[in-house]
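*Asks:* Position one of the sequence shown corresponds to residue 1 (this note's numbering), numbered consecutively onward.
Built from N, CA and C at the ideal position, the CB exists for glycine as well.
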Amino acid sequence: MVTGDALSATVCFRVRERHFVLLLLLLLRRAVVLALYARLLMLINGCAPWLAHGKQDQTIPLSPPCLSSPQYECLCFYVCVSGRRQRSAEFPGSSSMSMNSDNSRNYPPLFSHEPVPSGTTRQQWNGEFPGSSSMSMKSDSSRNYPPLFSHEPGTSGTTERKRAELLPYCASCHEVLKESSRNSSCPHCGERSRIRDLRLQKVSDALKVTLRRRCERVTEGPEKSGSGTLLHRIYTELYIIEGQNKEFCFQHEVWQVESTCKKIPCETPISCQDIFKTLPDKQRPIRVVLTYGVAGIGKTFLVQKFTLDWAEGLENQHISAVVLLSFRELNLVRDEQYSLLELIHVFYPTLQSVTAEQLTVCNLLFIFDGLDESRFMLDFTNRKLLSDVTQKSTISELLTNLIEGNLLPSALIWITSRPAAASQIPPACVDRMTEVRGFTDAQKEEYFRRRFRNKELSSRIISHLKTSRSLYIMCGIPVYCWITAAVVEHMLTTEQRAELPKTLTDMYSHFLLVQIKKKHKYHEGQEMNQQEFTRADREVLLKLGRLAFEHLQKKNILFYQEDLEQCGLDVTEASVYSGVCTEIFKRESVIFQKPVYCFVHLSVQEFLAAVYMFHCYTNRKREVLQDFLNEDISSLEDFLIGAMEKFFLIENGHLELFVRFLHGLSLKSNQRLLGGLLGQTESSPEIIQRVINNLKEIKTHDKCPNRTINIFHCLIEMDDLSVHQEIQDFLKSQNKSKKELSGIQCSGLAYMFLMSDVLDELDLVNYNTSQEGRQRLIAAVKNCRKARLHDVWLSENHCKTLTSALMSNPSHLRELHLSSINLEDSAETLFASLGQPNCRLETLRFENCSLSEISCAALVRALKSNPPYLKHVDLIGDNLQESGMKQLCDYLESPHCRLEALRLTSTLL
1 MVTGDALSAT VCFRVRERHF VLLLLLLLRR AVVLALYARL LMLINGCAPW LAHGKQDQTI
61 PLSPPCLSSP QYECLCFYVC VSGRRQRSAE FPGSSSMSMN SDNSRNYPPL FSHEPVPSGT
121 TRQQWNGEFP GSSSMSMKSD SSRNYPPLFS HEPGTSGTTE RKRAELLPYC ASCHEVLKES
181 SRNSSCPHCG ERSRIRDLRL QKVSDALKVT LRRRCERVTE GPEKSGSGTL LHRIYTELYI
241 IEGQNKEFCF QHEVWQVEST CKKIPCETPI SCQDIFKTLP DKQRPIRVVL TYGVAGIGKT
301 FLVQKFTLDW AEGLENQHIS AVVLLSFREL NLVRDEQYSL LELIHVFYPT LQSVTAEQLT
361 VCNLLFIFDG LDESRFMLDF TNRKLLSDVT QKSTISELLT NLIEGNLLPS ALIWITSRPA
421 AASQIPPACV DRMTEVRGFT DAQKEEYFRR RFRNKELSSR IISHLKTSRS LYIMCGIPVY
481 CWITAAVVEH MLTTEQRAEL PKTLTDMYSH FLLVQIKKKH KYHEGQEMNQ QEFTRADREV
541 LLKLGRLAFE HLQKKNILFY QEDLEQCGLD VTEASVYSGV CTEIFKRESV IFQKPVYCFV
601 HLSVQEFLAA VYMFHCYTNR KREVLQDFLN EDISSLEDFL IGAMEKFFLI ENGHLELFVR
661 FLHGLSLKSN QRLLGGLLGQ TESSPEIIQR VINNLKEIKT HDKCPNRTIN IFHCLIEMDD
721 LSVHQEIQDF LKSQNKSKKE LSGIQCSGLA YMFLMSDVLD ELDLVNYNTS QEGRQRLIAA
781 VKNCRKARLH DVWLSENHCK TLTSALMSNP SHLRELHLSS INLEDSAETL FASLGQPNCR
841 LETLRFENCS LSEISCAALV RALKSNPPYL KHVDLIGDNL QESGMKQLCD YLESPHCRLE
901 ALRLTSTLL
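Spelled out as structure tokens, the structure:
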């Protein structure tokens with residue numbers, strides 16, 4: 001029988017036992033916390049040198065906080081995201097570390113619904129977790145985020161966990177704030193704090209790993225599987241300016257390179273990392289940026305550099321995710337329908353876990369590279385309105401709604417394009433227009449010095465290029481620098497030849513030959529005989545030439561399997577994209593492993609197109625010639641004159657370089673170099689001289705003055721420097737007005753003026769030439785501050801040339817005087833350009849000009865648009881109609897009139 005004292009003792013013992021157990025559990029729990037905290041301190045100490053580069057927003061306590069403190073529950077997360085991450089040579093893109101293993105240095109794509117690859121152990125997979133801040137001392141089992149301690153039930157613990165994953169964040173300072181700032185303002189700038197979802201931060205870290213892998217290595221020229229150079233090692237800063245050159249829509253891209261080869265003192269270059277930064281004098285935020293530049297100028301390298309810097313934590317860390325998409329990839333799904341969310345998931349499985357709700361709160365940047373390569377049109381007029389990221393539609397409608405801001409209005413958009421295609425985007429949708437101008441003269445030299453370690457070799461190449469203005473100007477295009485380097489290096493080191501190419505045709509002929517020789521040496525183990533192509537070489541090159549020519553006429557630079565098959569190319573043969581074509585034609589495997597083909601540069605496509613067409617002429621393929629020239633060809637003179645006439649008829653002159661190559665290929669020296677690829681020709685010295693004489697005598701009364709300069713370039717390609725020397729003699733002459741200039745001499749003189757420093761004045765009265773010669777000199781108006789045009793008939797093409805001078809970026813023209821000129825109705829285009837943003841015209845003077853009623857109405861409309869710089873308008877002795885006079889008077893009475901002076905004399909006054 002148990003006594004009362006015994007029962008009391010038993011109960012007391014059990015109570016003490018329970019207290020002891022509770023105390024033991026409490027101590028055990030405290031020990032676990034101390035151990036975790038010790039590991040955390042070791043992590044901080046181990047990463048101190050790395051963290052020292054960044055700004056620390058959190059003060060790490062020296063003693064563990066109270067167990068019940070909610071701050072402890074999210075302490076690890078604060079340490080993970082505090083401070084601005086800097087680039088680390090050992091652990092780029094990740095803050096995770098392992099003390100005993102290097103497993104954490106590999107990064108698989110995470111956050112997708114893809115299964116773990118077969119053969120991958122759990123330890124390997126967990127050891128490659130990107131973006132984790134947890135640390136393991138002896139094993140990988142603790143690398144997942146630690147459990148949160150709480151005395152509350154499970155539901156409350158889940159709530160606390162979600163709260164710990166939502167951190168206060170300042171969008172202006174791009175910094176994570178203290179927990180106390182969750183419902184207050186940033187202590188630095190005063191802006192109200194926002195909430196950053198730590199779950200999105202994990203996805204962002206994983207995306208950075210994916211993009212870093214994609215962008216850190218690049219290939220220059222051809223694509224070689226498994227090879228590439230670090231982008232940071234070869235990237236040379238490009239010259240980028242703000243503004244748009246609308247004249248580029250009407251010119252061949254080689255003209256654009258020539259016109260932008262000079263650095264203008266008033267221009268302010270923009271760094272690629274500042275592409276979305278608002279200028280101090282502008283308040284409008286920048287959401288949509290359109291960057292344009294010619295083929296091969298470096299637009300793709302530019303966006304890759306931007307993306308890589310973001311992925312490595314160096315720049316623009318306020319952006320949550322960068323979605324880089326090329327139109328080459330989008331072409332492959334152009335016939336499919338996706339929602340915007342599905343489209344992102346398809347191209348970036350890393351973002352599979354991102355929901356529609358999360359997408360709307362992310363700071364997203366979409367980069368669409370290569371609008372000019374798109375095979376679908378962006379229709380901003382007849383598109384369906386979309387505002388839901390889960391709503392399915394065509395790729396075109398998704399992009400137009402995204403650009404207009406109907407979808408994800410807070411997302412940033414960056415589009416790159418060649419100039420001709422940039423007009424697809426309405427100006428109202430673009431907040432910033434930038435132009436990539438390639439390499440300056442200093443950057444050209446930097447490229448070759450970095451390309452060749454041998455200083456003597458690089459200096460010799462640079463010196464040679466400076467002797468040929470056409471070659472040196474083309475080196476403003478980075479891809480052309482690579483072509484030049486490949487040719488000259490081979491000729492100086494392998495062949496040890498003293499004479500180097502002096503013309504574009506000569507350079508590209510050598511480029512083709514060098515690649516064929518490399519194919520025979522490295523792929524077949526045998527040296528190639530001088531200028532000898534095998535039959536297989538000729539067949540493949542001519543098929544590629546046909547592909548190049550047919551798609552040059554269509555303005556296509558990307559080709560797909562069906563395009564190759566139509567030209568007789570077997571896409572399964574390795575020779576199509578390797579071997580003979582390794583350096584000429586490259587294959588790019590994009591999403592879904594569908595191959596896309598292109599030439600390494602547009603100029604290579606133009607050269608092979610010219611080779612093919614010249615081969616068709618020598619082999620009398622009349623059907624091809626008839627389709628191209630629309631006439632029967634009986635001689636070399638007829639063939640080349642017909643090609644030139646065809647070039648003048650093309651609206652934007654995209655055959656300009658093609659025509660130059662055709663004339664260069666007529667020389668025996670280039671024909672011998674290509675070793676029978678062109679066939680038997682009749683290029684005797686007498687025939688070549690007749691071709692040269694024909695070029696000098698071409699009549700161009702109603703032709704665009706800029707186009708006539710290509711005749712001068714064709715003479716250079718035919719190694720005829722007579723006109724060039726005559727112009728040099730004229731410029732040195734003391735009595736210029738007494739020397740009569742021919743039409744071709746005026747074209748060459750206009751080109752010299754365009755390539756020189758800006759002229760103070762161009763007065764056509766000072767040049768003794770014909771009506772046609774004065775028309776050709778109009779091309780030089782673009783590079784002068786004051787232009788006087790007297791007694792010259794201006795057709796619509798001539799007015800377009802003046803218009804391009806007023807719209808160019810920058811526009812130098814300040815005064816335009818027109819006297820004794822019959823403008824007819826073509827003046828409407830000229831007057832419309834007065835209201836363009838780039839126009840800086842201050843004085844417009846008409847003297848003894850015939851202004852029709854339509855022209856006068858166009859002038860009044862232009863004045864009503866309030867050109868900001870135009871202050872003086874003179875209409876002296878002009879035969880104004882009564883209706884035109886009335887319109888001018890009505891404008892002068894308008895309160896919107898900004899003219900400071902209007903001089904008006906007329907027979908009707």
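Since I believe V288 is in contact with C429 (beta carbons under 8 Å), could you give me their beta-carbon distance rounded to a whole number of angstroms?
*Replies:* 6 Å
*Asks:* Give the range of the alpha helix (DSSP H) segment to which V487 is assigned.
*Replies:* P478 to E489
*Asks:* By how many angstroms is the C-alpha of V596 removed from the C-alpha of P810?
*Replies:* 37 Å
*Asks:* If you draw a straight line from the C-alpha of T905 to the C-alpha of P280, how long is it?
*Replies:* 45 Å
*Asks:* Could you tell me if R432 is buried or exposed, where buried requires 16 or more neighbouring beta carbons within 10 angstroms of its beta carbon?
*Replies:* buried
*Asks:* Would you call the CB atoms of L816 and C784 closer than 7 Å?
*Replies:* no
*Asks:* If you run the structure through DSSP and keep just helix, strand and coil, what is P685?
*Replies:* The three-state secondary structure of P685, taken from DSSP, is helix.
*Asks:* Write down every uninterrupted run of the alpha helix (DSSP H) in the segment 398-477 whose length is 4 residues or greater and which is fully enclosed by it, in chain order.
*Replies:* Taking only runs of at least 4 residues, the alpha helix (DSSP H) segments lying wholly in the segment 398-477 are 419-422, 441-451, 455-467 and 469-474.
*Asks:* Starting from the C-beta of L741, find all residues in its chain whose C-beta is less than 8 Å away, skip the five residues before and the five after it, and write them out in chain order.
*Replies:* F730, L749, Y767, N768, T769 and G773
*Asks:* What does the alpha-carbon distance come out to for the pair T307 and L457?
*Replies:* 34 Å
*Asks:* Since C856 is in the alpha helix (DSSP H), which residue starts that stretch and which ends it?
*Replies:* Per DSSP, C856 is one residue of the alpha helix (DSSP H) stretching across E853 to K864.
*Asks:* Given this structure, state the Cα-to-Cα distance separating E539 from L359, to the nearest angstrom.
*Replies:* 52 Å
*Asks:* R776: buried (16+ other C-beta within 10 angstroms of its C-beta) or exposed?
*Replies:* buried
*Asks:* Between the segment 601-610 and the segment 379-393, do at least 3 Cβ pairs fall closer than 8 Å?
*Replies:* Contact between the segment 601-610 and the segment 379-393 is absent, with fewer than three C-beta pairs closer than 8 Å.
*Asks:* With a CB to CB cut of under 8 Å and the five nearest residues on each side skipped, what residues in its chain are close to M507?
*Replies:* L471, I483, T484, V487 and P501
*Asks:* Do the segment 310-320 and the segment 366-375 touch if we need at least three Cβ pairs shorter than 8 Å?
*Replies:* no
*Asks:* Do A411 and L343 come within 7 Å of each other at the CB atom, strictly closer than that value?
*Replies:* In this structure, L343 keeps its C-beta atom at 7 Å or more from the C-beta atom of A411.
*Asks:* Using a 10 Å radius around the Cβ and a threshold of 16 neighbouring Cβ atoms, would you call L385 buried or exposed?
*Replies:* exposed
*Asks:* Taking a contact to mean a Cβ-Cβ separation below 7 Å, would you say V691 touches E637 in this structure?
*Replies:* Contact flag set, yes.
*Asks:* Where F77 and W310 are concerned, what is the direct C-alpha to C-alpha distance, given to the nearest angstrom?
*Replies:* Legend: pLDDT at F77 = 28, less than 50; position of this residue unreliable, value from coordinates given subsequently. Rounded to whole angstroms, F77 to W310 spans 21 Å at the Cα level.
*Asks:* Who are the Cβ neighbours of Y480 in its own chain at under 6 Å, not counting the five residues just before and after it?
*Replies:* M474
*Asks:* Just to confirm, are F934 and G476 a CB contact at a threshold of 7 Å?
*Replies:* What the structure shows of the chain is the stretch from 1 to 909, and residue 934 is not part of that stretch, so it cannot be assessed.
*Asks:* Is the separation between the beta-carbon of Y292 and that of P269 shorter than 7 Å?
*Replies:* no
*Asks:* So N838 and D702 are supposed to be a Cβ contact under 8 Å. How far apart are they, rounded?
*Replies:* Between D702 and N838 the Cβ distance is about 27 Å, and since that is not below 8 Å, they are no contact.
*Asks:* Can we say the segment 443-459 touches the segment 409-428, given the rule of at least three CB pairs closer than 8 Å?
*Replies:* no
*Asks:* The beta strand (DSSP E) that contains G598, what's its start and end?
*Replies:* Note that residue 598 is Cys in the sequence shown, not Gly. Looking at the DSSP string, the run of the beta strand (DSSP E) that includes C598 is P595 to F599.
*Asks:* Who does L365 pair with in a DSSP beta bridge?
*Replies:* Looking at the DSSP output, L365 sits in a beta bridge with V322 and L412.
*Asks:* Report yes if the CB atom of N406 is closer than 7 Å to the CB atom of S387, and no otherwise.
*Replies:* Going by beta carbons, N406 and S387 fall inside the 7 Å limit.
*Asks:* Using the rule of at least 16 other Cβ atoms within 10 Å of the residue's Cβ for burial, across every protein chain shown, is L677 buried or exposed?
*Replies:* When all chains shown are included, L677 counts as buried.
*Asks:* Can you give me the C-alpha to C-alpha distance between T416 and C849, rounded to a whole angstrom?
*Replies:* In this model, T416 and C849 are separated by some 43 Å (Cα to Cα).
*Asks:* Grab me the residues of I367's own chain with a C-beta within less than 6 Å of its C-beta, minus the 5 sequence neighbours each way, in chain order.
*Replies:* Closer than 6 Å at the Cβ level, and outside the excluded window around I367, lie V303, L324 and W414.
*Asks:* In chain order, what are the residue ranges of uninterrupted beta strand (DSSP E) at least 3 long that sit wholly in the segment 269-328?
*Replies:* 288-292 and 321-326
*Asks:* If you measure from the beta carbon of W482 to each beta carbon in chain B, is any gap under 7 Å?
*Replies:* The structure shown contains no chain B, having only a single protein chain.
*Asks:* Q745: which of D719, R788, I698 and S756 sits nearest, CA to CA?
*Replies:* I698
*Asks:* Tell me I240's beta-bridge partners as DSSP assigns them.
*Replies:* V436
*Asks:* Is E539 helix, strand or coil by DSSP?
*Replies:* helix
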